[in-house]
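Protein sequences, first through last, are from chains A and B.
Sequential numbering of the first sequence, starting at 1, is according to the working numbering.
Sequential numbering of the second sequence, starting at 1001, is according to the working numbering.
Everything on this sheet refers to the single structure shown next.
There are 2 protein chains.
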Amino acid sequence: MADALPQKSAPHGKRADRTPPHEPMDQAPPEPMFDLIELFFFAYRDFVGDADRLLTRYNFGRAHHRVLYFVDRRPGLSVAELLDLLKITKQSLSRVLKDLLDQNYIEQRPGLLDRRQRLMFPTEKGEALALELAELQSRRFARALEILPEGARAQGAAFLAAMCDPATSDPATSGPGKGDSVKGDPATGGAT
Amino acid sequence: MADALPQKSAPHGKRADRTPPHEPMDQAPPEPMFDLIELFFFAYRDFVGDADRLLTRYNFGRAHHRVLYFVDRRPGLSVAELLDLLKITKQSLSRVLKDLLDQNYIEQRPGLLDRRQRLMFPTEKGEALALELAELQSRRFARALEILPEGARAQGAAFLAAMCDPATSDPATSGPGKGDSVKGDPATGGAT
DNA sequence: TGAGATATGTCAATAGAGCTGACATATTTT
DNA sequence: AAAATATGTCAGCTCTATTGACATATCTCA
């Protein structure tokens, strides 16, 4: 039973014909990079798995983690800004945010300039949990970097940045658009 | 409103004290690598977003994608092996697999050696969709690699591989364990 | 051969995270 | 004062995944 699973051979026979030598690269479908697709899937799954296990002890889920993470990283964030970062609706956020507010991981204060805003800040308790989670995930990065050659950290960061949509890639700006609730693609559901 | 969001300064003041110069690296928490954490989140979100949009047209979700992907990549996979790869329960798989079987993207055949097994194979239709999805996601990799220096592909793959759990990292083997349904961590829910 | 393990399927109930639509309230802008 | 904006909330639906409990076919081993 532990036999190696059969795997398809690398070059998709049928596809080779469809990729003439000197076609405009923008049009022709690239050769599928199954290795990267698969590695990305496994790496991310294991990466978030670390945090999931820790969050379970607090009766929190991944959604709580993301909210706490960004509030900790960008203290004074407004609700609209957070919605835009997470690309979810305010209704989705509210349930999760309520938990974090009720249990004193986050607190809200009215904006100084615009008192309609509810700026969010991590409490000490919130900062502590955010740090614990970040350290846990950083351990995985640290372990990975130990077995990788010198410039691996910069290379990895560059690779990930290049994989982002242009709009989202700028980590400092990646923010405020205009409209109300940010509506992602429909039917994407609460998928993983 | 489009002001740059405030960001915390890099070195967590409080933490510096807790990281003495020459402590056993295995114990001391690493400095949080917020840049990598964040980039990993955004990169993966945008990466799966591509496929999500396409899947919507077929009334499929991410779960269907994953099943189709692995059946296409490892034709002749048994149910138990697939469960182990995906780290979900058979009940979760069944709903999604049923859709793919009913709509002829995948077909099952009894195992030759063990007729209890229902080995899964992609149909032509299934192969076509799997390829379409792989090409779509590969386009993003291709775009990223265009703006990255020479060895970026190998470096990226190495980085991702190093981020995986040892067990899952071996892409060829990553398979058959023993027990029945593979139970992940409880309360991880169907989170993203 | 017969008991027990194994591979798979299925019914039922539940949770987590997301969505849309429809309102309500406070505050700022025009 | 009217309109726009920022936020909150109620209600209902989807998708993915979980647990528990059984059912069936098939293999294995004593």
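Don't be surprised by glycine CBs; every beta carbon is placed ideally from N, CA and C.
Just so you know, these numbers come straight off a predicted model, no measurement behind them.
- In this structure, L160 (chain A) and R153 (chain A) do not form a Cβ contact; the two beta carbons are roughly 11 Å apart against a cut-off of 8 Å.
- Along the segment 1046–1093 of chain B, the alpha helix (DSSP H) occurs as fully enclosed runs of 4 or more residues at 1062–1073, 1079–1086, listed in sequence order.
- The secondary-structure analysis by DSSP pairs R1143 (chain B) with nothing; it has no beta-bridge partner.
- L39 (chain A) and R116 (chain A) have their C-alpha atoms roughly 45 Å apart.
- Remark: C-beta atoms of V1079 (chain B) and R1143 (chain B) do not approach each other more closely than 8 Å.
- A Cβ of chain A is located within less than 8 Å of the beta carbon of Q1137 (chain B).
- Inclusion of F1060 (chain B) and M163 (chain A) in the CB contact set at 8 Å is not warranted, their separation being larger than that value.
- Contacts with chain A at 8 Å (Cβ-Cβ) include M1163 (chain B).
- Taken through DSSP and simplified to helix, strand or coil, P1149 (chain B) comes out as coil.
- With contacts defined as CB atoms closer than 8 Å, F141 (chain A) and L1085 (chain B) fail to qualify as a contacting pair.
- The straight-line gap separating the alpha-carbon atoms of D1114 (chain B) and L1131 (chain B) is approximately 30 Å.
- Scanning chain A for C-beta atoms nearer than 8 Å to the C-beta of R1140 (chain B) yields M163, reported in chain order.
- The beta-carbon of M120 (chain A) is placed no less than 8 Å from the nearest beta-carbon of chain B.
- DSSP places Q1103 (chain B) outside both helix and strand once states are collapsed to three, so it counts as coil.
- Less than 8 Å divides the Cβ of E135 (chain A) from the Cβ of P1030 (chain B).
- Here the alpha carbons of D1099 (chain B) and P1032 (chain B) stand approximately 42 Å from one another.
- For the segment 1060–1078 of chain B, the residues whose beta carbon sits under 8 Å from a beta carbon of chain A are, in order, G1061, R1062, A1063, R1066, Y1069, D1072, R1073, R1074, P1075, G1076, L1077.
- Minimum Cα-Cα distance from R1062 (chain B) among the listed residues B:P1075, B:L1133, B:D1102, B:L1112 corresponds to B:L1133.
- Within chain A, the residues whose beta carbon sits less than 8 Å from that of I1147 (chain B) are A162, listed in sequence order.
- Note on geometry: alpha-carbon atoms of P1149 (chain B) and G151 (chain A) lie some 13 Å from one another.
- When the alpha-carbon of F34 (chain A) is set against those of B:D1052, B:Y1069, B:L1077, the nearest one is in B:Y1069.
- For A1158 (chain B), the closest of A:P166, A:A167, A:I147 by C-alpha to C-alpha distance is A:I147.
- Within the segment 1074–1108 of chain B, R1074, P1075, G1076, L1077, E1081 place their CB atoms closer than 7 Å to a CB of chain A, listed in sequence order.
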